[in-house]
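The block underneath contains the structure these notes are about, expressed in structure tokens.
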Amino acid sequence: MLLFLQAVATKLDLPDDLVGYFSLFLVREGVDGSLSCKFKIIKTDYWDMAYDSDVMENRVGLNLLYAQTVSDIERGWILVNKDQHRQLKSLQEKGSKKEFIHLGQTLKYYGYIKFDPCVTDFPEKGCQVIVSAGNNELNFHVKLPNEQMKEGSFKVTRMRCWRITSSQVPIANGTTNPCSSGQFEIKLELSFEYLMSKDRLQWVTITSDQAIMMSICLQSMVDELMVKKSGGSIKKMLRKRHNGSIHRSDSQQAVKSSPLLDSPDANREQIVKLSTKLTSVSLRGISASNSANNISNYAFEGIGDDDL
């Protein structure tokens, strides 16, 4: 995939120092604009919109970011009201790409990735939910059993840890005994332990075929936060994320030097290596739920009374 990205970047005349800011995604366009797998697109590979400035300094980078913003608005990933839509259309007609992006940055869900509808156990079991990842959070649009819609966000800095689990579920064949068909499907779950209040942690579970992608998004958010916390180079981190050596990058150094840590060095190294394997995770690497498979979050922050 890295070689393919480099080939695309060369074809587009994207400078080498900006290649790390982008990645290739395998997606398909769902009916509601949700994310799934079908074709390749090139998309920014960072979460902090402050890095847009680096990209927009180059003509090719500006064009890519502009096209991405237009696409996200058209598919409904970015929310736009009538007045904002009018302003955007005016800027588009003038060819004011930078101004278009700057306005886009002020809109709700700019820079988010929207996933397919799935199921969660929060606030109740069996709730339908649309999950979006961005701005260092997972955003939930939940449909409650009474048909009421609720929205809420889970900040990555309040996730103590998370894990992916898989299980085999019998495929129903219309009979009273779902196991009679002898066929099974894999059910994937992403669970994270969240600091709901000062002294209360609670597990929240998402059942989704895209659980692995959600987990990768969380890990990349943590990597980015830790590099920023340590004053490291985001460019260096992005480059090394693409060549599979993120565990040797500045983000690992930030983890080792973080004052948030109080565990022995050996345990730190073990967890860092586990968390960075997400970039190449496969179904064979997913196991049943247990604490040893939890991915610790070094960007986790406690909250005080003023935060409640």
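Residue numbers (full-length UniProt numbering): 1 to 308. Virtual Cβ for every residue (Gly too), placed ideally from N, Cα, C. Here the structure is a predicted model, which means the values were calculated and not measured.
message: Looking at residue 118: is its Cβ nearer than 7 Å to the Cβ of residue 215?
response: On the sequence shown, residue 118 is found 118 positions in, with the first residue counted as 1. On the sequence shown, residue 215 is found 215 positions in, with the first residue counted as 1. Going by C-beta atoms, residue 118 is not nearer than 7 Å to residue 215.
query: So which of 90, 234 and 42 has the shortest CA-CA distance to residue 103?
result: As a first step, residue 103 must be located in the sequence shown, where it is residue number 103. Cα-wise, what sits closest to residue 103 is 90.
message: Once DSSP output is grouped into helix, strand and coil, what is the label at residue 8?
response: Stepping through the sequence shown from its first residue, residue 8 is reached at position 8. Residue state, collapsed to three classes: helix.
- request: Just mark residue 219 as buried or exposed, buried being the case when its beta carbon has 16 or more other beta carbons within 10 Å.
  value: Walking along the sequence shown from the start, residue 219 turns up at place 219. So residue 219 ends up on the buried side.
query: At a Cβ threshold of 7 Å, is residue 294 touching chain B?
result: Among the chains in the structure shown there is no chain B, since it carries only a single protein chain.
field: Neighbourhood of residue 12 by C-beta, 7 Å cutoff - its chain only, sequence neighbours within 5 removed
entry: Residue mapping note: residue 12 aligns to position 12 of the sequence shown, counting from 1. Answer for residue 12: 60, listed in chain order.
field: For residue 189 and residue 203, believed in contact at Cβ under 8 Å, the rounded distance
entry: Here residue 203 corresponds to residue number 203 of the sequence shown, with the count starting at 1. Here residue 189 corresponds to residue number 189 of the sequence shown, with the count starting at 1. Rounded, the Cβ-Cβ distance is 11 Å, inconsistent with contact.
message: Checking 7 Å against the spacing of the C-beta atoms, do residue 213 and residue 227 come in under that value?
response: Looking up residue 213 in the sequence shown gives position 213. Looking up residue 227 in the sequence shown gives position 227. No, the Cβ-Cβ distance between residue 213 and residue 227 is not below 7 Å.
- prompt: Hey, how far is the Cα of residue 139 from the Cα of residue 54?
  reply: Locating residue 139 in the sequence shown gives position 139, where the first residue counts as 1. Locating residue 54 in the sequence shown gives position 54, where the first residue counts as 1. Roughly 27 Å separates the two Cα atoms.
Cα-Cα separation, residue 92 to residue 100: As a working note, residue 92 is residue 92 in the sequence shown. As a working note, residue 100 is residue 100 in the sequence shown. C-alpha separation (whole angstroms): 7 Å.
- request: Alpha carbon to alpha carbon, how far is residue 81 from residue 157? Give it in angstroms, no decimals.
  value: Here residue 157 is taken as the residue at index 157 of the sequence shown, counted from 1. Here residue 81 is taken as the residue at index 81 of the sequence shown, counted from 1. Taking the straight line from one Cα to the other gives about 30 Å.
- request: Reducing DSSP to helix, strand and coil, say where residue 168 ends up.
  value: By one-based count along the sequence shown, residue 168 stands at place 168. In the structure shown, residue 168 sits in a strand (DSSP, three-state: E or B).
task: For residue 232, write down the residues that DSSP places opposite it in a beta bridge.
output: Looking up residue 232 in the sequence shown gives position 232. In the DSSP output, where bridge partners are listed per residue, residue 232 has none listed.
- prompt: Taking buried to mean at least 16 other C-beta atoms within 10 Å of its own C-beta, is residue 147 buried or exposed?
  reply: Stepping through the sequence shown from its first residue, residue 147 is reached at position 147. With fewer than 16 other Cβ atoms within 10 Å, it is exposed.
message: Among 51, 160 and 43, whose alpha-carbon lies nearest the alpha-carbon of residue 233?
response: Looking up residue 233 in the sequence shown gives position 233. Ranking the options by Cα distance to residue 233, first place goes to 51.
message: In the DSSP output, what is residue 189 paired with across the bridge?
response: Position 189 of the sequence shown holds residue 189. Answer is 165 and 207.
- prompt: Which of the three DSSP states, helix, strand or coil, is assigned to residue 71?
  reply: On the sequence shown, position 71 is the one that residue 71 refers to. Here residue 71 carries a helix assignment [DSSP, helix/strand/coil].
- prompt: Can you tell which of 134, 107, 76 and 137 has its C-alpha closest to the C-alpha of residue 83?
  reply: Looking up residue 83 in the sequence shown gives position 83. Of the candidates 134, 107, 76 and 137, 107 places its Cα closest to the Cα of residue 83.
field: Straight-line Cα distance separating residue 123 from residue 145
entry: Stepping through the sequence shown from its first residue, residue 145 is reached at position 145. Stepping through the sequence shown from its first residue, residue 123 is reached at position 123. Spanning the alpha carbons of residue 145 and residue 123 requires a straight line of approximately 10 Å.
message: Which residue wins for smallest C-alpha separation from residue 128, given the options 136, 112 and 151?
response: Along the sequence shown, one-based indexing puts residue 128 at 128. Nearest neighbour of residue 128 by Cα position, chosen from 136, 112 and 151, turns out to be 151.
message: Using the three-state DSSP reduction, which class does residue 3 fall into: helix, strand or coil?
response: Reading the sequence shown from its first residue, position 3 is the one you call residue 3. Residue state for residue 3 is assigned as helix, using DSSP reduced to three classes.
query: Using the C-alpha atoms, what's the distance from residue 111 back to residue 105?
result: For this step, residue 105 is matched to residue 105 along the sequence shown. For this step, residue 111 is matched to residue 111 along the sequence shown. Rounded to the nearest whole angstrom, the CA to CA distance from residue 105 to residue 111 is 8 Å.
message: Which residues does DSSP list as the beta-bridge partners of residue 56?
response: Within the sequence shown, numbered from 1, the residue matching residue 56 stands at position 56. Partner(s): none; residue 56 has no beta bridge.
field: Contact belief for residue 135 with residue 225 at Cβ below 8 Å, rounded distance in angstroms
entry: In the sequence shown, counting from the first residue as 1, residue 135 sits at position 135. In the sequence shown, counting from the first residue as 1, residue 225 sits at position 225. Between residue 135 and residue 225 the beta-carbon gap is near 12 Å, outside 8 Å, which marks them as no contact.
query: Between which two residues does the beta strand (DSSP E) containing residue 155 stretch?
result: What you label residue 155 is simply residue 155 of the sequence shown in a count that begins at 1. Following the DSSP letters along the chain, one finds residue 155 inside the beta strand (DSSP E) bounded by residues 149 to 155.
- request: Measure the C-alpha to C-alpha separation of residue 85 and residue 67 and round it to an integer number of angstroms.
  value: Translated into the one-based positions of the sequence shown, residue 85 becomes position 85. Translated into the one-based positions of the sequence shown, residue 67 becomes position 67. Taking C-alpha positions only, residue 85 is separated from residue 67 by approximately 16 Å.
query: Hey, out of 113, 120, 160 and 49, whose CA is closest to residue 197's CA?
result: As a first step, residue 197 is located in the sequence shown; it is residue number 197 there, counting from the start. Nearest option by C-alpha distance: 160.
query: For the putative contact between residue 206 and residue 131, defined by C-beta atoms under 8 Å, what is the C-beta separation to the nearest angstrom?
result: Working through the sequence shown from its first residue, we reach residue 206 at position 206. Working through the sequence shown from its first residue, we reach residue 131 at position 131. Confirmed, Cβ separation roughly 6 Å.
message: With the cut-off set at 7 Å, would you say residue 56 and residue 62 are in Cβ contact?
response: The count along the sequence shown starts at 1 and reaches residue 56 at position 56. The count along the sequence shown starts at 1 and reaches residue 62 at position 62. A contact, by the Cβ cut-off of 7 Å.
message: Measuring only the C-alpha atoms, how far is residue 96 from residue 87?
response: Indexing the sequence shown from 1 puts residue 96 at position 96. Indexing the sequence shown from 1 puts residue 87 at position 87. In a straight line, the C-alpha of residue 96 is about 11 Å away from that of residue 87.
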